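Each residue of the sequence shown is one higher than the last, beginning at 405 in our numbering. No residue lacks a Cβ here, since even glycine has one placed at the ideal position from N, Cα and C. Please read all numbers here as calculations on a predicted model, not as lab measurements. Please read the structure below before turning to the comments.
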Amino acid sequence: MKKYLIDTHIFLWLVFDPEKVNTKKLEILKDPQNKIFIASISFWEISLKYNLGKLSLSGLTPDELPKVAQKMGIDTLEIEKEVMASFYKLPKVQTHKDPFDRIIIWQCINDNITLISQDRKFSEYESFGLKTF
């Protein structure tokens, strides 16, 4: 069984605009042989952006989204204290400073999980052990 963690925007697309997710990614996400996760910090990111008025959820509120993920067969991956404490080891990439992305990247590296995203900046972390799709 392969493990995949979906980036926040992939989750939002799956919920609100699934045609934005390309066919190859959808095949992976729908394959019952694969285990699909969303990072718990993604829900915090969504909640923050919603509160700032930067994100519309089409009538839903952020606190409803964990159950939506569960109904879609997406498990929540909690960030372990060891991952948080060792975050300083993730090398800095000058063109990418988003703290939500960086902790998701570090979690994937530590847990040997492939990250599914459309963000091309993530490829800059592949030399540090990140697997992307």
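Alpha-carbon to alpha-carbon, residue j and residue i
i: Leu452; j: Arg524; result: 23 Å
i: Tyr478; j: Lys458; result: For the record, residue 478 in the displayed sequence is Ile; it is not Tyr. If you take the alpha carbons of Ile478 and Lys458, they lie about 24 Å apart.
i: Val425; j: Lys406; result: 19 Å
i: Ser531; j: Met476; result: 32 Å
i: Phe415; j: Glu449; result: 12 Å
i: Pro470; j: Pro495; result: 30 Å
i: Thr465; j: Thr427; result: 28 Å
i: Phe441; j: Lys501; result: 23 Å
i: Ala443; j: Lys485; result: 14 Å
i: Ile507; j: Ser490; result: 10 Å
i: Ala473; j: Val419; result: 8 Å
i: His413; j: Ser521; result: 8 Å
i: Tyr492; j: Asp421; result: 35 Å
i: Tyr454; j: Asp435; result: 31 Å
Helix, strand or coil at residue i according to DSSP, with G and I counted as helix
i: Leu469; result: helix
i: Asp523; result: coil
i: Asp479; result: strand
Cβ distance (whole Å) where residue i is taken to contact residue j below 8 Å
i: Ile432; j: Asn438; result: 6 Å
Beta-ladder partner(s) of residue i, from DSSP
i: Thr536; result: Leu519
i: Val487; result: In the DSSP output, where bridge partners are listed per residue, Val487 has none listed.
- What runs of the alpha helix (DSSP H), each 4 residues or longer, lie entirely inside the stretch 406-454? 412-420, 427-434
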